[in-house]
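Here's the structure, in structure tokens; my notes come after.
Residue numbers (the working numbering): 6 to 152.
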């Protein structure tokens, strides 16, 4: 006779956020302590830590996602698409004035030209990775459903 499996305890979205924030805070504190102690952490080690922490957060998020109903999923997809899109527009609106580094835009934000260029490059890189992630997920979604 088999015993029925216990249903997995449902985790609220707030609990998921708090756990993920705690993981990020611990990783950030470890980086801050190593810097304060003057420890030289090789870039490869930093990259591996970021990948490990990101992997754990993605795994936790996937576990949460499979435990929620369709209405919750749709609400989050709607919010991510529209909220993420609006956020990208705002980021672009901040970055575009900084692109004209020589016309006083730097003075408005109190940045040096080098800082403004790094900021614009960071924004562009972030937007490019967000777009790449979206396109890859969208393509995968359609490939899986059209077999």
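Glycine included, every Cβ here is placed at the ideal spot set by N, Cα and C. As the structure is a prediction and not an experimental result, all values here were calculated from the model.
For residue 123 against residue 93, the beta-carbon gap comes to about 19 Å, at or over 8 Å, which does not count as contact. Here DSSP, grouped into helix, strand and coil, assigns residue 68 to helix.
Only residues of its own chain outside the window of five on either side were considered, and among them 58, 61, 62 have a CB closer than 7 Å to the CB of residue 28, listed in chain order.
Contact annotation: residue 128 and residue 96 have beta-carbon atoms nearer than 9 Å. In the structure shown, residue 134 falls within a helical segment according to DSSP collapsed to helix, strand and coil. In the structure shown, the three-state DSSP call for residue 152 is coil.
Using a 10 angstroms sphere on the CB of residue 80, the tally of other CB atoms stays under 16, which defines it as exposed. Taking the Cα positions, residue 148 is about 20 Å away from residue 78. Taking the Cα positions, residue 56 is about 26 Å away from residue 73.
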